[in-house]
Structures are given as C-alpha cells and as structure tokens.
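J.:
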Amino acid sequence: MKITFITSNQHKVKEAKGIFDNFGIELEHVDLGYPEIQGDLVDVAKYGAKHVAKRFGKPVIVEDAGIFIKALKWFPGTYSSYIQDTLGNKGILKLMSDIEDRYAEFRSAVGFCTPKTEPEIFLGTVRGSIGYFEKGNYGFAYDPLFKPEGYEKTFGELSINEKNEFSHRRKSLEKFAFWYKDYRGD
Ligand code: ITT
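Numbers given in my numbering equal positions in the sequence shown, counted from 1, plus 1497.
In structure tokens:
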C-alpha cells in the first residue's frame, strides 16, 4: 500500500516514514510546496490537498502544521513557517521574556484527496510549554523550544523515534493511516 506525500519539508518526510512503517504504508515523496490560502490549518490542508490531487491526477496527502502559543493569542499558528524564517526561536523567546504562562500546542492537519473526491482531514495536537531557552540538536524549527506535557526534555532533545511516539504529526498521520487501511479495504 502506497501514498504520495507532497511537502517541501524533509523533516516531515522522515517523521512520516517512521510512522507509516508501522502500518505497512509506503511513502512516495514529492518535493514541492503548494498554494497555502489564508485560513486555519484545516482550510489550508483541504485546499492544498484538493489542488495537488487535481494537479498530479492521483490520491495525495499534504500536512499543514504549526505551533500555537496561548499567551500570544495562539500566535504564530498558521504563520509558523514565516515566523520561523523571520523572528526565529530567539525572536519568540524575546517576545515571551516577561510572560509566565508558557502553555503551547503543536497542531497538525493532514489532508487526503483524490482527483474525484472531496478532501478528508485528520487532526493531531500535542500539549506542552515553551522553555526559557533553546535546548537540543534533534528535530527542526521550534522543536528546541517545546517541552511536551509531562516531559522534562524538549522535542529538540528527543530522537525522531521518541518524538514520533506522541507528536502532533504522529496523531494526525496515525488517524489517517487507520482510515486509509479501511478505505483501501486492506
Ligand atoms: P510544506 O508546507 O511544504 O509541507 P512547511 O515547512 O512550509 O512545509 P508548514 O506550512 O506546515 O510546513 O509550516 C509549518 C511550520 O511550523 C514549519 O515550517 C515549522 O516552522 C513549524 N513546525 C511544524 N511542525 C513542526 C515540528 O514538528 N517541529 C518543529 N516545528 C514545526
């Protein structure tokens, strides 16, 4: 069983491979971005999945993700990619230097679509907090800032397998994988 994952982010591909291995789903990666509309993660994943399914003429998945910080009114959220490239982790830490409430979530929306059907969406969230400095060399982007609830380590200090045990991406991709197995009748 196979699925095509359209993403320009190599880290997502590595994580997704580790997760799909458990389901016997083979991942074909196409290294491309896709048009991201204004809206929430679900809107972005729905529109993106529909667009690429039509363009490639086959079933595809895309994934839109972000970090949502409560004290910043859930910023950067859907702007996570842009904010990572501009403010970066140091900028986020600066914004939060006087803030005690460090609660944050990573959220992920996987969009599946075929050229002939409407998109299906699968969501995943992981609760946690923003540290006071960056920690760890694993992972990518906001990982060194994010401490999942109940853990002392940041995502940046976890191996890919450890992060895959309970990340936002694990949850959304696993929901998709269970559904896809049924959908395909395997
Ligand atoms: P594609 O849209 O091509 O898949 P992207 O990197 O642009 O790749 P998003 O639009 O979903 O992906 O942007 C999400 C951003 O949120 C991403 O670039 C990171 O900065 C951040 N992010 C998402 N998941 C993350 C994770 O597991 N760890 C750390 N940062 C993450």
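Just so it is clear, CB atoms sit at the ideal spot from N, CA and C, and this is done for glycine as well.
Here the structure is a predicted model, which means the values were calculated and not measured.
(1) Using CA coordinates, which residue listed in 1618, 1505, 1598 is at the minimum distance from residue 1629?
(2) Mind listing, in chain order, the continuous alpha helix (DSSP H) runs of no fewer than 4 residues lying wholly within the segment 1564-1623?
(3) Between the C-alpha atoms of residue 1572 and residue 1559, what's the straight-line distance to the nearest angstrom?
(4) Determine whether the beta carbon atoms of residue 1672 and residue 1623 lie at a separation below 9 Å.
(5) Here's the rule: buried if 16 or more other CB atoms are within 10 angstroms of the residue's CB, otherwise exposed. What is residue 1660?
(6) Is residue 1646 near the ligand ITT, with its Cβ less than 8 Å from a heavy atom?
(7) How far does the alpha helix (DSSP H) with residue 1517 in it extend, from its first residue to its last?
(8) Compute every distance between the C-beta of residue 1535 and the non-hydrogen atoms of the ligand ITT, then say whether any falls below 8 Å.
(9) For residue 1554, name the three-state secondary structure that DSSP assigns.
(10) Where does the unbroken beta strand (DSSP E) through residue 1529 begin, and where does it stop?
(11) Which residues in the same chain as residue 1588 place their Cβ atom closer than 8 Å to its Cβ, once the five residues preceding and following it in sequence are excluded?
T.: Based on what the coordinates show:
(1) 1598
(2) 1577-1583, 1585-1592
(3) 22 Å
(4) no
(5) buried
(6) no
(7) 1507-1518
(8) no
(9) coil
(10) Per DSSP, residue 1529 belongs to no beta strand (DSSP E) and is neither H nor E.
(11) 1580
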